[in-house]
Amino acid sequence: MARYNAKETEEKWQAVWRDRGVFHVEADPGRPKYYVLEMFPYPSGKLHVGHVRNYTMGDVVARYKRAQGFNVLHPMGWDAFGLPAENAAIASKVHPKDWTLQNIAVMREQLKQMGLSYDWRREVATCHPEYYKHEQKMFLDFLAAGLAYRKESWVNWDPVEHSVLANEQVIDGRGWRSGAPVEKRLLSQWFLKITEYADDLLAALSTLERWPERVRVMQENWIGKSEGARVFFRLKDRGDTLEVFTTRPDTLFGAAFCAIAPNHPLAAELATKNQPLADFIAECNRMGTSEAVLETAEKRGFDTGLKVLHPFVPGWELPVYVANFVLMEYGAGAIFGCPAHDQRDLDFACKYGLPVKPVVLPPDADPMSFAVGDEAYTEVTGTVFNSEFLNGLEVPAAKRAASDRLTALKAGERTIAYRLRDWGISRQRYWGCPIPVIHCGKCGIVPVPETQLPVTLPEDVSFDQPGNPLAHHPTWKYTTCPACGGKAERETDTFDTFFESSWYFARFCSPRAPTAFNRNEVDYWLPVDQYIGGIEHAVLHLLYSRFFTRALKQCGYLGVAEPFAGLFTQGMVCHETYKSADGAWLFPEEVAKGLDNSAVDAAGRPVTVGRIEKMSKSHKNLVGLDAIVDAYGADTARLYLLSDSPPERDLEWTDAGIEGAWRYVNRLHRLVTEPTVALAAVGARAPENLPPALAALRGAIHRTIRDVTDDLEKFRFNRGVARIRELTNALEAVDADDGAGFVLREGLEAAVRLLGPMMPHLSEELWQELRPGNLLADEKWPRFHPALAAEETVTMAVQVNGKLRGTVELPRNAADDAAKAAALALPTVAKALEGKAPRKTIIVPNRIVNVVI
RNA sequence: GCCCGCUUGGCGGAAUGGUAGACGCAACGGACUUAAAAUCCGUAGGUUCGAAAGGGCUGUGCCGGUUCAAGUCCGGCAGCGGGCACCA
């Protein structure tokens with residue numbers, strides 16, 4: 002029996018789609034648009050099946066919406082700047098640009114092999130000056146609008162690599178590549194004012210109805226809005242004040258001390274005349290910021306000797322410490338400590354012998370005997386006591402009263418603090434977009450004039466010394482000041498690569514426009530109707546893009562604030578891991594597995610089968626795409642990726658699973674090309690009286706169309722595939738009979754059309770069998786007849802006291818009396834009734850009869 | 001610590017409060033074949049009665065509740081996973 006030749010067929014249809022420009026698309030205000038986008042990949046080398054799951058889902062949506070008559074924008078591009086290219090340059094002397102472009106070439110071909118319905122004319126790569134010149138202009142506009150600014154900031158500094166490290170690149174307090182202990186350093190860096198939009202970004206989350214709740218919650222937590230008050234403590238013997246932020250102004254009468262961050266300006270000032278304090282601050286700065294360090298770090302403080310005056314109680318002085326657990330970046334960089342009602346403050350107070358005075362009385366506690374031991378009372382239910390004018394108030398009322406009093410005394414006011422911090426965008430890296438500013442000794446920081454954009458990366462760079470190649474390039478940074486014409490230097494930092502990915506979705510609307518966007522085109526296409534990508538981007542990329550879109554709107558680039566109306570986060574593709582006897586990871590293709598799940602390597606040595614984990618280079622548990630496509634074709638891979646698990650959950654890739662999908666591909670191909678019953682002619686009328694079995698099958702066909710359509714709308718791809726498999730199982734079982742050819746054709750056409758978005762090549766091939774000369778890619782989505790989809794007879798469950806005792810076949814919408822009679826007529830029901838009369842009978846039409854005795 | 005989410009056969013998973021286990025994977029029995037591959041037919045939650053046909057009981061992490069009826073709703077608990085975390 003001839004097997005389906007996937008590779009040949011797939012190449013044939015890909016050529017047809019390409020040559021006819023089937024997936025080319027233009028803005029057309031007369032038609033409804035639909036913008037489908039998968040998160041574009043970093044060109045890391047080769048595609049593996051994990052990438053493809055994401056793109057397959059997007060392609061199903063794109064092809065389905067297209068068949069429904071939408072004008073569908075479905076583009077693809079490359080997030081092409083990034084560190085791996087520089088690492089490759091260091092490791093193997095390849096230029097980052099060459100490495101990146103080679104990878105793009107390989108991965109583009111792999112994507113094309115998958116038959117994805119992209120409009121390839123719109124492809125962009127973020128490393129091209131034609132792309133990044135626009136973001137240099139955006140940056141200048143942000144600067145002019147006050148949305149970009151420069152400030153000194155504490156960063157993780159790798160002393161070996163001479164570069165800033167992101168938090169994720171610090172592992173156990175050491176640089177992830179150099180292994181050197183990471184230091185904190187004060188560097189002048191560029192920031193975008195994402196905090197300006199904190200409240201809007203938070204409030205608008207509730208409008209994103211087609212986003213997963215989980216992602217909205219994560220962003221909400223990340224923004225971290227806290228309502229509280231700022232309190233100005235007057236510094237004793239000085240004219241100035243110390244500002245702190247608190248969410249608990251109600252506990253001000255329980256204050257025992259104030260503490261400021263090690264890098265608070267006041268600490269720096271005091272340290273100039275206090276060497277032990279300077280040493281303490283330096284020690285705090287040497288401490289890493291990684292989670293492991295923080296968890297084990299002891300709360301430590303240094304008494305500055307300064308005192309502050311309590312805002313409510315004349316003459317009450319509190320000591321001021323520099324404490325290692327106070328963060329400069331949050332609130333005011335200073336706190337007041339209330340040991341009785343905050344665990345950290347309590348730990349600190351115990352260590353330094355500070356008083357612990359409870360001021361919130363838990364419900365039912367005795368005010369005479371209540372005391373705090375080694376556990377602070379942090380609940381906000383209770384009554385305030387020991388607190389003069391706040392006494393007797395519940396906590397929320399006490400917060401209000403305390404804030405009001407602070408305001409009246411001009412010693413503070415209500416305020417809101419956010420966990421969200423401004424987005425630091427400076428990176429001391431070569432392979433990124435140059436930040437378009439010039440440093441002039443006379444004029445300071447001068448933006449590069451628009452006429453001089455783009456500032457392009459030099460190509461003649463070397464990676465043989467640590468640090469940023471742009472900084473030690475012999476000529477690139479030397480230039481003249483646009484303002485005074487004197488000698489000046491270029492900024493050698495580049496943008497964080499999240500910069501490029503914060504606006505690419507809008508560039509796809511007019512990818513070759515001379516300006517960033519053609520306004521008509523972005524207005525037509527945006528927002529993205531369906532965005533698809535991994536949950537790992539739930540916060541950073543998606544939040545940056547939401548902010549960036551608002552900033553672009555503010556600067557007049559486009560008209561929407563929210564870039565992604567719908568978001569779907571798909572699960573990861575996982576695979577078993579393998580380790581050889583000497584502990585080295587092995588690729589799946591290096592391992593042969595026995596029937597009993599034992600495994601050996603190529604030389605026959607035993608291999609340990611490890612945990613099932615997300616596919617990653619480090620664990621080598623990658624399933625390459627090429628071998629799969631060669632052996633089974635793109636459609637088989639696509640079917641497997643869609644059918645085995647719900648799309649939001651992780652999927653385990655197994656050889657047996659892909660074999661199962663391949664079996665179905667061949668069965669379907671055989672069923673259409675060698676049907677068991679001769680198909681009726683195209684357009685033949687249904688016979689007047691179909692035999693009951695065929696009439697029922699016809700109903701099943703129309704129900705399948707109805708239900709699969711619903712499944713696709715709701716991203717239930719696995720359920721949709723299961724329904725189509727059920728239908729094809731039924732079609733395989735059709736016997737020759739009057740009307741069989743007609744029903745079989747109707748069923749096969751439905752199955753092929755429904756599978757079109759999922760397995761486009763096979764479906765196109767089979768459509769040629771069924772409707773020669775017509776392109777399935779141009780066909781409309783199938784419709785179902787409601788009358789046919791409705792079942793004529795239904796099976797109703799019959800229960801006695803809620804226990805199933807049988808079923809009855811009845812005409813659809815049978816009268817309740819008829820249903821009851823049929824149910825009571827069942828011998829099993831009579832037996833269960835034990836001669837008693839039913840007390841009550843509950844009938845749910847077409848579903849169930851429950852007889853209660 | 002705070003905030004989410006999940007828990008159904010050997011496995012992935014189906015089930016608008018209404019017949020739990022669709023569809024598939026693996027497995028087992030059989031057919032075809034010299035043989036294998038491929039393909040096709042069949043079996044299958046557990047347990048128990050029965051020679052069989054066919055029954056009984058039981059079953060969706062655990063405990064309780066609402067309901068004629070609970071995998072589904074409510075309360076509590078446990079386990080697993082994820083996010084955030086000296087955030088004042």
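One point on numbering: in the working numbering, the residue at position 145 of the first sequence is 146, and numbering is uninterrupted. We put the CB at the ideal spot given by N, CA and C, even for glycine.
* Which partner residues does TRP158 have in the DSSP bridge list? -> Working through the first sequence from its first residue, we reach residue 158 at position 157. Beta-bridge pairing links TRP158 to VAL165, GLU184.
* To do: Using three-state DSSP, classify ASN387 as helix, strand or coil.
  => Taking the first residue of the first sequence as 1, we reach residue 387 at position 386. In the structure shown, ASN387 sits in coil (DSSP, three-state: anything other than H, G, I, E or B).
* **Continuous beta strand (DSSP E) stretch holding TYR579: start and end** => Numbered from 1 along the first sequence, position 578 holds the residue referred to as residue 579. Start and end: 574 to 580.
* To do: With distances taken Cα to Cα, identify the nearest neighbour of PHE313 among ILE659, MET369, PHE390, LEU271.
  => Sequence index remark: in the first sequence, residue 313 carries index 312 (1-based). Nearest of ILE659, MET369, PHE390, LEU271 to PHE313, Cα basis: PHE390.
* To do: Take PHE509 and list the residues in its own chain whose beta-carbon comes closer than 6 Å to its own, dropping the five residues that flank it on each side.
  => Along the first sequence, one-based indexing puts residue 509 at 508. Closer than 6 Å at Cβ, skipping near neighbours: PRO76, ARG123.
* Asked: Nearest to ALA662 by alpha carbon, out of PRO688, LEU691, PRO693, ILE629?
  -> Along the first sequence, one-based indexing puts residue 662 at 661. Nearest C-alpha to ALA662: ILE629.
* For ALA679, which residues from the same chain have a beta carbon less than 7 Å from its beta carbon, with the 5 sequence-adjacent residues on both sides left out? -> Along the first sequence, one-based indexing puts residue 679 at 678. GLY742.
* Status (buried if at least 16 other CB within 10 Å, exposed otherwise) for TRP158 -> The residue given as residue 158 occupies position 157 in the first sequence. By the neighbour-count rule (16 or more Cβ atoms within 10 Å), TRP158 is buried.
* What is the DSSP secondary structure of LEU559, reduced to helix, strand or coil? -> In the first sequence, the residue the question calls residue 559 occupies position 558. In this structure, LEU559 counts as coil in the three-state DSSP scheme.
* Using a threshold of 7 Å, state whether the C-beta atoms of PHE500 and GLU136 are closer than that. => Along the first sequence, one-based indexing puts residue 500 at 499. Along the first sequence, one-based indexing puts residue 136 at 135. Yes. Within cutoff.
* To do: Out of GLN220, VAL373, ARG186, GLY393, state which residue places its alpha-carbon closest to the alpha-carbon of ASP200.
  => The residue labelled residue 200 in the question sits at position 199 within the first sequence. The residue with the shortest Cα to Cα distance from ASP200 is GLN220.
* Asked: How many angstroms separate the CA atom of HIS473 from the CA atom of GLU162?
  -> Taking the first residue of the first sequence as 1, we reach residue 473 at position 472. Taking the first residue of the first sequence as 1, we reach residue 162 at position 161. Computed Cα separation, rounded: 14 Å.
* **Candidates THR457, GLY354, SER463, ALA89, of which the one nearest GLU492 by Cα** => Locating residue 492 in the first sequence gives position 491, where the first residue counts as 1. Cα-wise, what sits closest to GLU492 is THR457.
* Asked: With DSSP run on the structure shown, which of helix, strand or coil describes TRP782?
  -> Counting from one through the first sequence, the residue named residue 782 turns up at place 781. Note: TRP782 maps to coil in three-state DSSP.
* 7 Å Cβ shell around CYS485 - same chain, five flanking residues per side excluded -> For this step, residue 485 is matched to residue 484 along the first sequence. In its chain, beyond the 5 residues on either side, CYS441, LYS443, CYS444 have a beta carbon closer than 7 Å to the beta carbon of CYS485.
* To do: Counting only the same chain and skipping the five closest in sequence on each side, list residues whose C-beta sits under 6 Å from that of TRP477.
  => Taking the first sequence and counting its residues from 1, one reaches residue 477 at position 476. Taken in chain order, the residues that qualify are PRO459.
* To do: Out of GLU395, CYS575, THR273, ALA205, state which residue places its alpha-carbon closest to the alpha-carbon of HIS620.
  => For the purposes of this step, residue 620 is taken as residue 619 along the first sequence, with counting starting at 1. Considering only alpha carbons, the answer is CYS575.
* If you drop the 5 nearest sequence neighbours on each side, which residues of the same chain put their C-beta closer than 8 Å to that of TRP223? -> One-based indexing of the first sequence puts residue 223 at position 222. So the list reads ARG420, LEU421, VAL540, LEU544, once near-sequence residues are dropped.
* Measure from the alpha carbon of PHE386 to the alpha carbon of each residue in GLU376, ASP375, PHE371, then state which is nearest. => Residue mapping note: residue 386 aligns to position 385 of the first sequence, counting from 1. Among GLU376, ASP375, PHE371, the Cα nearest to that of PHE386 belongs to PHE371.
* Asked: Is the region 771 to 780 in contact with the region 686 to 693, if contact means three or more CB pairs nearer than 8 Å?
  -> no
* Cβ-based burial, GLU292 [other Cβ within 10 Å; buried from 16] -> Reading the first sequence from its first residue, position 291 is the one you call residue 292. Reliability fails at GLU292, whose pLDDT of 42 lies under 50, so the model's placement of it is uncertain and the value that follows must be treated cautiously. Burial call: exposed.
* Return the residue from the list ASN667, ALA833, PRO648, GLU675 that minimises the CA-CA distance to VAL53. => For the purposes of this step, residue 53 is taken as the residue at position 52 of the first sequence. When each option's Cα is compared against that of VAL53, the closest is PRO648.
* Asked: Quick one: what does DSSP say LYS554 is sitting in, helix, strand or coil?
  -> Position 553 of the first sequence, counted from the start, is the residue given in the question as residue 554. If DSSP states are grouped into helix, strand and coil, LYS554 belongs with the helices.
* Integer Cβ distance of GLY383 from LEU362, believed to fall under 8 Å -> Indexing the first sequence from 1 puts residue 383 at position 382. Indexing the first sequence from 1 puts residue 362 at position 361. With a Cβ gap of about 5 Å, GLY383 and LEU362 count as contacting.
* Rounded separation between VAL183 and PRO160 - CA only -> Within the first sequence, the letter at position 182 stands for residue 183. Within the first sequence, the letter at position 159 stands for residue 160. VAL183 and PRO160: Cα-Cα distance of roughly 7 Å.
* Tell me where the beta strand (DSSP E) around ASN72 begins and ends. => Residue numbering aside, residue 72 sits at position 71 when the first sequence is read from its first letter. First-last of the beta strand (DSSP E) with ASN72: 72 to 74.
* Return the chain-ordered ranges of every beta strand (DSSP E) run that is complete within the region 180 to 233 and spans a minimum of 3 residues. => 184 to 193
* **Candidates PRO320, ARG551, VAL50, of which the one nearest ALA146 by Cα** => Position 145 of the first sequence holds residue 146. Taking only the C-alpha atoms, the option nearest ALA146 is ARG551.
* Going along the chain, which unbroken runs of the alpha helix (DSSP H) with 4 or more residues stay wholly within the region 78 to 121? -> 84 to 93, 97 to 114
* **DSSP state of MET797 mapped onto helix, strand, coil** => Residue mapping note: residue 797 aligns to position 796 of the first sequence, counting from 1. It is a strand residue.
* **Beta-carbon gap between TYR525 and PHE565 smaller than 7 Å** => Position 524 of the first sequence holds residue 525. Position 564 of the first sequence holds residue 565. Contact: no.
* One or two residues paired with ARG428 in a DSSP bridge -> Numbered from its first residue, the first sequence carries residue 428 at position 427. According to DSSP, which records beta bridges pairwise, ARG428 is partnered with THR495.
* To do: Determine, using beta-carbon pairs with one atom in the region 555 to 570 and one in the region 597 to 614, whether at least three such pairs fall under 8 Å.
  => no
* Could you pull out every residue in the same chain whose Cβ sits closer than 6 Å to the Cβ of TYR133, ignoring the five residues on either side in sequence? => Counting from one through the first sequence, the residue named residue 133 turns up at place 132. If we look at TYR133 and ignore the five residues flanking it on each side, its Cβ neighbours are CYS434.
* Asked: Between the C-alpha atoms of ARG754 and PRO783, what's the straight-line distance to the nearest angstrom?
  -> Your numbering for residue 754 matches position 753 in the first sequence. Your numbering for residue 783 matches position 782 in the first sequence. Near 7 Å, if we compare the C-alpha coordinates of PRO783 and ARG754.
* Asked: Less than 7 Å separating the beta-carbons of THR655 and ARG612?
  -> As a first step, residue 655 must be located in the first sequence, where it is residue number 654. As a first step, residue 612 must be located in the first sequence, where it is residue number 611. Taking 7 Å as the Cβ cut-off, THR655 and ARG612 do not qualify as a contacting pair.
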